Amino acid sequence: MLIELLLAPFTEFEFMRRALLGCTALAVSATPVGVFLLLRRMSLAGEAIAHGILPGVAVAYVLSGLSVAGLTLGGLLGGLTVALLATWMSRTTILREDASLATLYLMAMALGVLLISSSGRNVDLFHLLFGGVLALDDASLGLLLSIAVITVVAMLLLHRPLTFESVDPGFMRVVSGRGPVIQSAFIILVVINLIAGFHALGTLLALGIMILPAASARMWSDRIGVIMVLAPVMAWCSAWFGLLLSYHVEAAAGPAIVGMAGAMFVLSLLLARRSKTDTRSSTRTWKGT
Amino acid sequence: MSCSILCRQLTLRYGQHVAVEDLDAEIESGSLTALIGPNGAGKSTLLDAIVGNRAPVRGQIAVRNQGHGSIAYLPQHPQVDRSFPIDVAGLVAMGLWTRRGAWRRWRRQDREDVNHALETLGLVDHARRPISALSGGEFQRALFARILIQDARLILLDEPFAAVDEQTSYALQEIILRWHREGRTVMTVLHDLDLVRALFPEAMWLDRRKMAHGRTEAVLEDVQAVQDARENRRHKHVQVTTGAG
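Chains as they are written, first to last, in the working numbering: chain Y, 1 to 289; chain B, 1 to 245.
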């Protein structure tokens, strides 16, 4: 009975299998990027970029409708524009970084909704804001899987420099001088994964599957290696249970998935015993990270 | 082979303010030099320029015999994010970047070197602790252990004994002397002139311009002479304004 409850929707319906496959791609791709976004204290920057995608996809939508290629290109341009604007504003104005990011994402959100609503089709506005994870077509699924492959390869190549640069940017500046390259590569990964998230969960919730599992995993471990494994597992479980919830109670799938990730975060907050300054020591010989 | 540093008419800015002006100096290969001077004298700005973080507005600065990863720099306020989930051994192993870079696998020898560095700095029991759990002194020891792993020819330290206890300070001083014996070039910003006298054969006194550079005793005599002259002037000023004497 329980097994049937957990598995039947996926064995019976192809759209549920496709939704789970898309979310699996997001869990192995977007969530590890989200871990670094969280650890580098860039969650708000991620939020601003996610909202920055909206005007880009809105322009693409007005020009080419719900074409996957058009929306992806528009989102890429919008996200990168906001990332560049945020960097420029934090360097050249007296505004603090959080204020710069808040102004950008409010403007991006307003502009995006204005463009889409003026086209006169509110159903499509809902789709762009909250995604269509239950309606992933071949093109969208192909895009999600391609982004997952690119991201996994890039994260394997970048893991050490990105970790070191996150721990001590000053050290990396002296020993490698490649800090700006690492930062730029990371921002590109953030943008393409937010676009992948947008196709499944919409611009408003794309960041949810990146940040919430990362924050939950951080509650349980003080080791980057453990967090990088635990967070995608949590993201995938959120997707599984979110899709089940959506199926059984006929709720919107995207919010159900992110809601499950949120529930997992609350549970982690309540149950994880690890404090920020765990002082336990060990005399084990170090075997490397 | 060790590194030497050559400055020719070097002028550096810190924001809008000229921090170092017309500096001509040569730090010899294998020397152990204390960089002294008042706050705002340009000491940290000079170290920043040596590692390439700051471009000169005029003049030149050259690090000779500089190979890949041959500079280790410990700023006064390192940018380490201590909330990042990495343990002490992981922080120390960052020093392996100079020999393994971004992609080459760490070998058994690398791991042994990390363990040896932890042992040398008395941190072997803390290897698996998160860096957020370290005290100020333990953290400074970990940063020194990272420099040990870097195996750099030129080592620049900015106030390395600030905010550490006496025992840690002695341990770190021993490491600095060991680097000197190994023929590395070491330059350290310090305010404690007694420590400079006891530990450093060479000193450079910087107060925006180079005031003195050479054997420590001679430089400290110059510092003392200027301080005495200032004290005399202040004393006379007090006498004049109070009508005393």
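Yeah, the Cβ is synthetic: ideal placement off N, Cα and C, and Gly gets one too.
Here the structure is a predicted model, which means the values were calculated and not measured.
*What's the C-alpha gap between Y/R218 and B/H126?*
As a working mapping, residue 218 of chain Y is identified with position 218 in the first sequence. As a working mapping, residue 126 of chain B is identified with position 126 in the second sequence. Roughly 21 Å between the two C-alpha positions.
_For Y/L194 and Y/A253, the rounded distance between their alpha carbons_ = Against the first sequence, residue 253 of chain Y aligns to sequence position 253. Against the first sequence, residue 194 of chain Y aligns to sequence position 194. Here the alpha carbon of Y/A253 sits roughly 18 Å from the alpha carbon of Y/L194.
_Would you say Y/F164 lies against chain B (beta-carbon separation less than 7 Å)?_
Along the first sequence, read from residue 1 onward, the residue named residue 164 of chain Y stands at position 164. The beta carbon of Y/F164 falls within 7 Å of a beta carbon belonging to chain B, placing the residue at that interface.
*asked:* Counting only Cβ pairs nearer than 7 Å, list the residues of chain B close to Y/S221.
replied: Along the first sequence, one-based indexing puts residue 221 of chain Y at 221. Taking a Cβ-Cβ threshold of 7 Å, the residues of chain B close to Y/S221 are P85, in chain order.
*At 7 Å on the CB atoms, spell out the chain B contacts of Y/F130, in chain order.*
For the purposes of this step, residue 130 of chain Y is taken as residue 130 along the first sequence, with counting starting at 1. Under the 7 Å cutoff, chain B gives no residues; its nearest Cβ is about 32 Å from Y/F130.
*asked:* If you reduce the DSSP assignment to three classes, tell me which class B/E202 lands in.
replied: Looking up residue 202 of chain B in the second sequence gives position 202. Secondary structure of B/E202 (DSSP, three-state): strand.
*Within its chain, find whatever has a CB closer than 6 Å to the CB of B/E26; leave out the 5 residues flanking it on each side and keep chain order.*
As a working note, residue 26 of chain B is residue 26 in the second sequence. Here B/E26 has L6 as same chain residues with Cβ atoms under 6 Å from its own Cβ, once five neighbours each way along the sequence are excluded.
*asked:* Which residues does DSSP list as the beta-bridge partners of B/R13?
replied: The residue given as residue 13 of chain B occupies position 13 in the second sequence. B/R13 is bridged to B/V18.
_Buried versus exposed, by CB contacts within 10 Å (16 or more), B/V219_ = Looking up residue 219 of chain B in the second sequence gives position 219. Buried.
*Are Y/A30 and Y/I209 close, meaning C-beta to C-beta below 7 Å?*
Counted from its first residue, the first sequence places residue 30 of chain Y at position 30. Counted from its first residue, the first sequence places residue 209 of chain Y at position 209. For Y/A30 and Y/I209, yes; Cβs fall inside 7 Å.
*asked:* Assuming Y/L128 and Y/T203 are in contact, meaning their beta carbons sit under 8 Å apart, how far apart are those beta carbons, in whole angstroms?
replied: The residue given as residue 128 of chain Y occupies position 128 in the first sequence. The residue given as residue 203 of chain Y occupies position 203 in the first sequence. Between Y/L128 and Y/T203 the beta-carbon gap is near 6 Å, inside 8 Å, which marks them as a contact.
*For B/L195, I'd like the list of residues in its chain whose CB is within less than 6 Å of its CB, leaving aside the five on either flank, ordered along the chain.*
Position 195 of the second sequence, counting from 1, holds the residue named residue 195 of chain B. No residues qualify anywhere along the chain.
*For Y/R18, name the three-state secondary structure that DSSP assigns.*
Walking along the first sequence from the start, residue 18 of chain Y turns up at place 18. Helix at Y/R18.
*asked:* Check whether chain B comes within 7 Å of Y/R91, counting only Cβ atoms and requiring the distance to be less than that.
replied: Taking the first residue of the first sequence as position 1, residue 91 of chain Y is located at position 91. Chain B, which has no Cβ nearer than 7 Å to the Cβ of Y/R91, makes this no.
*Give the residues from the segment 227 to 248 of chain Y that approach chain B closer than 9 Å (Cβ to any Cβ), ordered along the chain.*
Cβ contacts with chain B come from I227.
*For Y/I94, collect the residues of the same chain with a Cβ closer than 7 Å to its Cβ; drop the 5 residues on either side in sequence, then sort them by chain order.*
Numbered from 1 along the first sequence, position 94 holds the residue referred to as residue 94 of chain Y. In its own chain, leaving out the 5 sequence neighbours on each side, no residue places its CB closer than 7 Å to the CB of Y/I94.
_Amino acids of chain Y, ordered along the chain, whose beta-carbon sits closer than 7 Å to that of B/Q79_ = Here residue 79 of chain B corresponds to residue number 79 of the second sequence, with the count starting at 1. What B/Q79 touches in chain Y: D168, P169 and G170.
*Would a check of beta-carbon distances place B/Y73 closer than 7 Å to chain Y?*
Here residue 73 of chain B refers to the residue found at position 73 of the second sequence. True, the Cβ-Cβ gap to chain Y drops below 7 Å.
*chain Y beta carbons: is any one of them nearer than 7 Å to that of B/G245?*
In the second sequence, the residue the question calls residue 245 of chain B occupies position 245. Its pLDDT being 45, under 50, B/G245 is placed unreliably in this model, and the value from its coordinates should be taken loosely. So no, B/G245 is outside the interface.
_Need the endpoints of the beta strand (DSSP E) that B/T185 sits in, please._
Along the second sequence, one-based indexing puts residue 185 of chain B at 185. For B/T185, the enclosing beta strand (DSSP E) starts and ends at T185 to V189.
_Less than 7 Å between the beta carbons of Y/M109 and Y/H51, yes or no?_
Taking the first residue of the first sequence as position 1, residue 109 of chain Y is located at position 109. Taking the first residue of the first sequence as position 1, residue 51 of chain Y is located at position 51. Contact flag set, yes.
*Can you tell me whether DSSP reads Y/E4 as helix, strand or coil?*
Along the first sequence, read from residue 1 onward, the residue named residue 4 of chain Y stands at position 4. In the structure shown, Y/E4 sits in a helix (DSSP, three-state: H, G or I).
*With a threshold of 16 other CB atoms inside 10 Å of the CB of Y/W88, please say whether the residue is buried or exposed.*
Reading the first sequence from its first residue, position 88 is the one you call residue 88 of chain Y. That one is exposed.
*asked:* What does the alpha-carbon distance come out to for the pair Y/A370 and Y/E97?
replied: Chain Y is shown from 1 up to 289; residue 370 of chain Y falls before or after that span and cannot be answered.
*Kindly indicate the opening and closing residues of the alpha helix (DSSP H) around B/Q140.*
Sequence index remark: in the second sequence, residue 140 of chain B carries index 140 (1-based). G136 to Q150 is the span of the alpha helix (DSSP H), which, as asked, contains B/Q140.
_I'd like to know whether the C-beta of B/M187 is nearer than 7 Å to at least one C-beta of chain Y._
Here residue 187 of chain B refers to the residue found at position 187 of the second sequence. No, no contact with chain Y.
_Pairwise C-alpha distance: Y/I150 and Y/F171_ = On the first sequence, residue 171 of chain Y is found 171 positions in, with the first residue counted as 1. On the first sequence, residue 150 of chain Y is found 150 positions in, with the first residue counted as 1. Y/F171 and Y/I150: Cα-Cα distance of roughly 28 Å.
*Alpha carbon of Y/G242 to alpha carbon of Y/G259, nearest angstrom*: Counting from 1 along the first sequence, the entry for residue 242 of chain Y is found at position 242. Counting from 1 along the first sequence, the entry for residue 259 of chain Y is found at position 259. The straight-line gap from Cα to Cα measures roughly 7 Å.
_Limits of the unbroken alpha helix (DSSP H) element including Y/L66_ = Within the first sequence, the letter at position 66 stands for residue 66 of chain Y. That residue, Y/L66, is in no alpha helix (DSSP H); it is neither H nor E in DSSP.
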